[in-house]
Amino acid sequence: GMDVVRTAVQVHGGQVHVESQLGQGSSIRLEVPMRQATLVIDGLMVAEGNDQFVIPFENIQEVAQVPASQFASVQGRAVATIRNVTYAAERLGGLLGLPTEERPPQATETAVVVQAKQSRLCLRIDRIVGHRQVVVTEVKDALPTSTRLMGIAQLGGGSLAPVLSVPEILRSIRGSTPV
């Protein structure tokens with residue numbers, strides 16, 4: 004049985020150490036790299052169309068209903084002014100390359116101001132679903148080019164939701180928007 008455990012752990016870059024002392028018993032130590040460890044985060048579930056996403060709470064500065072009058076265009080880029088601070092404003096679906104449809108003008112829009120280090124961005128979303136504590140599985144091996152995703156959240160009942168990598172989103176648009 005221990006050979007099966009050793010093989011499974013080694014496949015993931017870990018090691019198994021077994022030490023036995025006659026008359027004292029055995030000691031088994033498993034070393035599993037952190038990248039393979041389960042990560043549990045608190046996140047804000049948001050929806051864009053029929054798709055749900057998780058934004059880690061550690062990257063959220065504010066959630067607001069923003070009047071349409073607070074959105075403007077500066078040099079061809081959307082911006083939002085929230086509490087006298089102006090942020091680049093991007094629709095979440097557009098950032099992720101999701102198909103978008105023309106939206107009728109609304110009196111207010113749901114916005115999540117996200118941050119990482121010194122950068123901030125106003126994400127325009129369809130709606131807030133709620134707070135969730137989620138188990139995150141890394142996707143770097145399966146989707147090596149998906150830098151805007153931190154992983155996939157297991158929601159239960161077989162449902163999954165992408166977890167956004169806010170630092171990577173901000174890094175990827177930093178040069179093209181006034182963040």
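Just so we're aligned, residue 4 is where the sequence shown starts under the working numbering, counting upward by one. Positions of the beta carbon are idealized from the N, C-alpha and C atoms, including for glycine.
Self-check item: Residue range of the unbroken alpha helix (DSSP H) whose run includes Ser175
Solution: The count along the sequence shown starts at 1 and reaches residue 175 at position 172. Per DSSP, Ser175 belongs to the alpha helix (DSSP H) from Val169 to Ile176.
Exercise. Could you tell me the distance, in whole angstroms, from the CA atom of Gly28 to the CA atom of His20?
Key: For the purposes of this step, residue 28 is taken as residue 25 along the sequence shown, with counting starting at 1. For the purposes of this step, residue 20 is taken as residue 17 along the sequence shown, with counting starting at 1. Taking the straight line joining both Cα atoms gives about 14 Å.
Quiz item: How many Å lie between Val7 and Val14 at the Cα?
Solution: Locating residue 7 in the sequence shown gives position 4, where the first residue counts as 1. Locating residue 14 in the sequence shown gives position 11, where the first residue counts as 1. Cα-Cα distance, rounded: 11 Å.
Quiz item: Helix, strand or coil: which one does DSSP assign to Pro133?
Solution: Locating residue 133 in the sequence shown gives position 130, counting from the first residue. The amino acid at residue 133 is misidentified as Pro; the sequence shows Gly. It is a strand residue.
Quiz item: Apart from the five residues just before and just after Arg177, which ones in its own chain have a Cβ nearer than 8 Å to its Cβ?
Solution: Sequence index remark: in the sequence shown, residue 177 carries index 174 (1-based). Excluding residues within five positions, the ones whose Cβ falls inside 8 Å are Ser122.
Quiz item: Is the Cβ-Cβ distance between Pro170 and Ala119 less than 7 Å?
Solution: As a position in the sequence shown, residue 170 is number 167, starting the count at 1. As a position in the sequence shown, residue 119 is number 116, starting the count at 1. Cβ distance < 7 Å, so Pro170 and Ala119 count as in contact.
Self-check item: Given 8 Å, three or more beta-carbon pairs between the segment 42-59 and the segment 123-140
Solution: yes
Quiz item: Contact check, Phe74 vs Ala91 under 8 Å by CB: the rounded distance?
Solution: For the purposes of this step, residue 74 is taken as the residue at position 71 of the sequence shown. For the purposes of this step, residue 91 is taken as the residue at position 88 of the sequence shown. Between Phe74 and Ala91 a beta carbon distance of about 11 Å is seen, past the 8 Å cut, so the two are scored as non-contacting.
Quiz item: Where do the ends of the beta strand (DSSP E) carrying Leu47 lie?
Solution: Residue 47 sits at position 44 when you count from the first residue of the sequence shown. Unbroken beta strand (DSSP E) run through Leu47: Leu42 to Glu51.
Quiz item: Using CA coordinates, which residue listed in Thr10, Gln157, Phe56 and Arg9 is at the minimum distance from Leu101?
Solution: For the purposes of this step, residue 101 is identified with residue 98 of the sequence shown, where counting begins at 1. Ranked by how close their Cα comes to the Cα of Leu101, the residues Thr10, Gln157, Phe56 and Arg9 have Phe56 in first place.
Quiz item: What is the DSSP secondary structure of Ala110, counted as helix, strand or coil?
Solution: The residue labelled residue 110 in the question sits at position 107 within the sequence shown. Residue state, collapsed to three classes: coil.
Quiz prompt | Proximal residues to Val116 (C-beta, below 8 Å), its chain only, five neighbours per side dropped | solution = Position 113 of the sequence shown, counted from the first residue, corresponds to residue 116. Closer than 8 Å at Cβ, skipping near neighbours: Ile63, Gln64, Glu65, Val66, Ala67, Ile85, Tyr90, Arg123, Leu124, Cys125 and Leu126.
Exercise. Mind checking which residues open and close the alpha helix (DSSP H) that includes Leu126?
Key: As a first step, residue 126 is located in the sequence shown; it is residue number 123 there, counting from the start. Careful: Leu126 lies outside any alpha helix (DSSP H), inside the beta strand (DSSP E) at Ser122 to Ile128.
Quiz prompt | Leu95: first and last residue of the uninterrupted alpha helix (DSSP H) it sits in | solution = Locating residue 95 in the sequence shown gives position 92, counting from the first residue. Element bounds for Leu95: Leu95 to Leu98.
Exercise. With a 10 Å radius around its C-beta and 16 neighbouring C-beta atoms as the bar for buried, classify Ile31 as buried or exposed.
Key: Here residue 31 is taken as the residue at index 28 of the sequence shown, counted from 1. Exposed: under 16 other Cβ atoms inside 10 Å.
Quiz item: How far does the beta strand (DSSP E) with Gly161 in it reach, from first residue to last?
Solution: Locating residue 161 in the sequence shown gives position 158, where the first residue counts as 1. Where Gly161 is concerned, there is no enclosing beta strand (DSSP E), given that its DSSP letter is neither H nor E.
Quiz item: In whole angstroms, what separates the C-alpha of Met153 from that of Val69?
Solution: Locating residue 153 in the sequence shown gives position 150, counting from the first residue. Locating residue 69 in the sequence shown gives position 66, counting from the first residue. Roughly 27 Å separates the two Cα atoms.
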